[in-house]
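>
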Amino acid sequence: MINYQIAKKILKKSIIKIKDEKIKSVNSLNRVASANIYSSIDYPSGNNAAFDGFAINSKDTKNINKKINQKFKIIGSIAAGARPFKKIIKRFDTVEIMTGGIIPNGFDTIVPIEKIVFSPSIKNRKYILINKKVDKFNHVRFKGSDYKKNEIVLKKNSIIQPNHILTFKTLGIKNISVKKKINILFFSTGNEISNQDNIPDWKVRNSNCHYIKNLDQNFLFNFKNGGILRDSHQKVFKTKITKMLKSSTDIIITSGAVSAGKFDFVPDVIRSFKLSNFFKGVAIRPGKPILFAKIKGNQKVIFGLPGNPMSSAACFRFFVYPYIENILCLNEEKPLRAILKNNFTKKESFVRFAKSKLNTTKNGKVEVEILEGQESYKLKSFVKSNIWALLPAGKSKFKKGEIVECFFPNHSNSSLI
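Take 1 as the starting number for the sequence shown in the working numbering and just add one per residue.
1. Tell me whether the beta-carbon of residue 327 lies closer than 8 Å to the beta-carbon of residue 23.
2. Taking Cβ to Cβ, would you say residue 245 is nearer than 8 Å to residue 180?
3. Take residue 262 as the anchor and find which of 377, 190, 296 has the nearest alpha-carbon.
4. Can you tell which of 341, 361, 293, 392 has the C-alpha that lies nearest to the C-alpha of residue 371?
5. When you compare the stretch 134-146 with the stretch 104-123, are there three or more beta-carbon pairs, one atom per stretch, that lie closer than 8 Å?
6. For residue 356 and residue 185, I'd like the C-alpha separation in whole angstroms.
7. Could you give the distance in angstroms between the alpha-carbon of residue 349 and the alpha-carbon of residue 213?
8. Using 8 Å as the Cβ pair cut-off and three pairs as the minimum, do the stretch 94-101 and the stretch 51-65 touch?
9. Specify the secondary structure class of residue 109 as computed by DSSP and reduced to three states.
10. Can you name the residues that DSSP bridges to residue 70?
11. By Cβ distance, which residues of its chain are closer than 8 Å to residue 140, with the 5 residues on each side in sequence left out?
12. Using beta-carbon positions only, say whether residue 314 and residue 287 come within less than 8 Å of one another.
13. So, at 8 Å on beta carbons, what are the nonlocal neighbours of residue 72 in its own chain, with the 5 sequence-adjacent residues on each side left out?
14. Just to check my reading of the structure: residue 353 and residue 408 have Cβ atoms closer than 8 Å, yes? What is that Cβ distance to the nearest angstrom?
15. Between the Cα of residue 384 and the Cα atoms of 390, 369, 392, which residue gives the shortest distance?
16. Does the structure place the stretch 218-232 close enough to the stretch 190-209 that three or more beta carbon pairs sit under 8 Å?
17. Assign residue 120 to one of two classes, buried (16 or more other C-beta atoms within 10 Å of its C-beta) or exposed (fewer than that).
18. Under 8 Å: do the stretch 289-307 and the stretch 252-259 share three or more Cβ pairs, one atom per stretch?
19. Which residue's Cα is closest to the Cα of residue 400: 242, 325, 283, 344?
20. Between the C-alpha atoms of residue 274 and residue 11, what's the straight-line distance to the nearest angstrom?
21. Should residue 413 and residue 336 be called a contact, given that it needs their Cβ atoms to be closer than 8 Å?
22. Is DSSP giving residue 10 helix, strand or coil here?
23. For residue 153, name the three-state secondary structure that DSSP assigns.
24. Taking the alpha helix (DSSP H) that residue 99 belongs to, which residues open and close that run?
25. At which residue ranges does the stretch 216-285 contain complete alpha helix (DSSP H) runs of 4 or more residues, listed in the order of the chain?
26. Can you list, in chain order, the residues of its chain whose CB lies under 6 Å from that of residue 7, leaving out five sequence neighbours each side?
27. Out of 324, 397, 361, 322, which one is the CA nearest neighbour of residue 338?
28. Would the stretch 161-171 and the stretch 27-37 be scored as touching if the rule is three or more Cβ pairs under 8 Å?
29. Thinking C-alpha only, which one of 122, 334, 381 is nearest residue 404?
30. Sort 332, 37, 13 by Cα distance to residue 160 and report the nearest one.
31. Taking 7 Å as the cut-off, is the beta-carbon of residue 200 closer than that to any non-hydrogen atom of the ligand GDP?
32. Hey, could you find the ends of the beta strand (DSSP E) residue 118 is sitting in?
33. Under 8 Å, do residue 294 and residue 276 count as touching if we go by C-beta distance?
34. Can the beta-carbon of residue 269 be found less than 8 Å from the beta-carbon of residue 238?
35. Apply the 10 Å Cβ neighbour rule to residue 247 and answer buried if 16 or more other Cβ atoms are within range, or exposed otherwise.
36. Taking the Cβ atom as the reference point for each residue, do residue 39 and residue 117 lie within a distance shorter than 8 Å?
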């Protein structure tokens, strides 16, 4: 059995190569940009109005006397999306303009509609009246003030989110380069595992498969269910690995049959292949029997997760996901740090992944409570939890008020970076 930090180092050096592909930007949610993405235009594409109002030339107001209204002749109206205004602009001319309308040459400022006085009346709008100096560039959105053409919109190795897609579409970015999605083939193991709803007491419903499958969008992979490997399926499993080496599958994940029981065949089958990196057993709880192997001379790896649902969930979160993150060239996610709300004791030599509840106080402090029911078979505490607290090795007692590291269970911490 090795410690958690050594296991992480083995994962980091066991890289497999993931190729790039071109896709439409509108279909890029939760993909990883494999190259910098640049704006194809200046945005805004022209000087436009930030308010509904009237465009004027600020120079025409330079010598206005506060006691005398100056008439500005209304020569037209510009809506957002309208073609450029072509009329010749004269002194003391004005044009009605809507938010987003392109400001014609000859005008340089906007008077908001709320400040407009019409002449001869509000129903007969031939002029607007101004009796004071108006500053230049009021309520003007300048061309390229948000993005310049060829400016970086999103750096490579970033996970694409809905706000990015909105921006891509606005800027006319049609196709982008992303990392191909990782293909995971998943096997449940054991004679006790059942896909049936109604089962006898000696059977266990196949929950781990469905848990990991439903993480696929949040954790950047394609999921394929390989079915259930029974206790006598050593040869079947070996055949599945052999076929994997010639397929598009990148990672095999098994759940169960990795401990030291009579029918725990997964480690022996994996060891029968030539491996470049391998570990079996890590000083963690839950999930101590976890296994990892990289096939020598091949861009394929295998994770053997424990069959217990909590152990499987924790090992996916703290071993499989960081590995996916690494091979997709993402920055290592950062922990969320929170104030411990209660005392907790664990075995000193082990890292503990604790089912916990994160909340904020009235004065804005982030607190985390380690829940009761930390036994690996207990689901109730997992249902109540919204965070994993990671308690490092080398320390047994954690006291209320200490700062601990936390990780979201069902999506990455990357949004915090």
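Think of the CB as a built atom: it goes at the ideal place given N, C-alpha and C, for glycine as much as any other residue. Note that the coordinates shown come from a computational prediction; the quantities given were computed from them, not determined experimentally.
With the given structure in hand:
1. Translated into the one-based positions of the sequence shown, residue 327 becomes position 327. Translated into the one-based positions of the sequence shown, residue 23 becomes position 23. Result no, Cβ atoms of residue 327 and residue 23 do not sit closer than 8 Å.
2. What you label residue 245 is simply residue 245 of the sequence shown in a count that begins at 1. What you label residue 180 is simply residue 180 of the sequence shown in a count that begins at 1. With respect to residue 180, residue 245 sits apart: the two C-beta atoms are not nearer than 8 Å.
3. The sequence position of residue 262 within the sequence shown is 262, counting from 1. When each option's Cα is compared against that of residue 262, the closest is 190.
4. The residue labelled residue 371 in the question sits at position 371 within the sequence shown. Nearest option by C-alpha distance: 341.
5. The stretch 134-146 is in contact with the stretch 104-123.
6. Along the sequence shown, one-based indexing puts residue 356 at 356. Along the sequence shown, one-based indexing puts residue 185 at 185. If you take the alpha carbons of residue 356 and residue 185, they lie about 30 Å apart.
7. Stepping through the sequence shown from its first residue, residue 349 is reached at position 349. Stepping through the sequence shown from its first residue, residue 213 is reached at position 213. The C-alpha of residue 213 is placed about 32 Å away from the C-alpha of residue 349.
8. Judged by Cβ distances under 8 Å, the stretch 94-101 makes contact with the stretch 51-65, as three or more pairs qualify.
9. Within the sequence shown, the letter at position 109 stands for residue 109. In the structure shown, residue 109 sits in a strand (DSSP, three-state: E or B).
10. Start at 1 with the first residue of the sequence shown, and residue 70 comes out as number 70. Residue pairing by DSSP puts residue 70 in a beta bridge opposite 130.
11. Numbered from 1 along the sequence shown, position 140 holds the residue referred to as residue 140. In chain order, 47, 48, 49, 50, 103, 108, 109, 110 place their CB closer than 8 Å to the CB of residue 140, counting only its own chain and leaving out the 5 sequence neighbours on each side.
12. Within the sequence shown, the letter at position 314 stands for residue 314. Within the sequence shown, the letter at position 287 stands for residue 287. A contact, by the Cβ cut-off of 8 Å.
13. As a first step, residue 72 is located in the sequence shown; it is residue number 72 there, counting from the start. Correct list, in chain order: 54, 56, 60, 92, 93, 94, 127, 128, 129, 130.
14. Taking the sequence shown and counting its residues from 1, one reaches residue 353 at position 353. Taking the sequence shown and counting its residues from 1, one reaches residue 408 at position 408. Between residue 408 and residue 353 the Cβ distance is about 13 Å, and since that is not below 8 Å, they are no contact.
15. Reading the sequence shown from its first residue, position 384 is the one you call residue 384. Cα-wise, what sits closest to residue 384 is 369.
16. The stretch 190-209 is in contact with the stretch 218-232.
17. Along the sequence shown, read from residue 1 onward, the residue named residue 120 stands at position 120. Counting Cβ neighbours within 10 Å, residue 120 comes out exposed, since fewer than 16 surround it.
18. Of all C-beta pairs linking the stretch 289-307 to the stretch 252-259, three or more are shorter than 8 Å, placing the two stretches in contact.
19. By 1-based counting over the sequence shown, the position of residue 400 is 400. For residue 400, the nearest C-alpha among the options comes from 344.
20. To locate residue 274, count along the sequence shown from 1; it is residue 274. To locate residue 11, count along the sequence shown from 1; it is residue 11. If I take the Cα positions, the gap works out to 17 Å.
21. Here residue 413 refers to the residue found at position 413 of the sequence shown. Here residue 336 refers to the residue found at position 336 of the sequence shown. Going by C-beta atoms, residue 413 is nearer than 8 Å to residue 336.
22. Taking the sequence shown and counting its residues from 1, the one referred to as residue 10 is at position 10. Note: residue 10 maps to helix in three-state DSSP.
23. Translated into positions along the sequence shown, residue 153 becomes position 153. The answer is strand: DSSP assigns residue 153 an E or B state.
24. What you label residue 99 is simply residue 99 of the sequence shown in a count that begins at 1. For residue 99, no alpha helix (DSSP H) run applies, since DSSP gives it neither H nor E.
25. Listed in chain order, the complete alpha helix (DSSP H) runs (minimum 4 residues) inside the stretch 216-285 are 234-244, 266-271.
26. Position 7 of the sequence shown, counting from 1, holds the residue named residue 7. When the five nearest sequence neighbours on each side are left out, the beta carbons in the same chain lying within less than 6 Å of the beta carbon of residue 7 are those of 279, 282, in order along the chain.
27. Here the question's residue 338 lines up with position 338 in the sequence shown. Ranked by how close their Cα comes to the Cα of residue 338, the residues 324, 397, 361, 322 have 361 in first place.
28. Remark: three or more beta-carbon pairs, one from each stretch, lie closer than 8 Å, so the stretch 161-171 and the stretch 27-37 are flagged as touching.
29. Taking the first residue of the sequence shown as position 1, residue 404 is located at position 404. Ranking the options by Cα distance to residue 404, first place goes to 334.
30. What you label residue 160 is simply residue 160 of the sequence shown in a count that begins at 1. The shortest Cα separation from residue 160 among 332, 37, 13 belongs to 37.
31. With respect to the ligand GDP, the structure offers nothing, as it holds no ligand at all.
32. Working through the sequence shown from its first residue, we reach residue 118 at position 118. Per DSSP, residue 118 belongs to the beta strand (DSSP E) from 117-120.
33. Along the sequence shown, one-based indexing puts residue 294 at 294. Along the sequence shown, one-based indexing puts residue 276 at 276. Closer than 8 Å, so yes.
34. To locate residue 269, count along the sequence shown from 1; it is residue 269. To locate residue 238, count along the sequence shown from 1; it is residue 238. The criterion of a C-beta distance shorter than 8 Å is satisfied by residue 269 and residue 238.
35. Taking the first residue of the sequence shown as position 1, residue 247 is located at position 247. Burial check for residue 247: the Cβ neighbour count within 10 Å stays below 16, so the residue is exposed.
36. In the sequence shown, the residue the question calls residue 39 occupies position 39. In the sequence shown, the residue the question calls residue 117 occupies position 117. Taking 8 Å as the Cβ cut-off, residue 39 and residue 117 do not qualify as a contacting pair.
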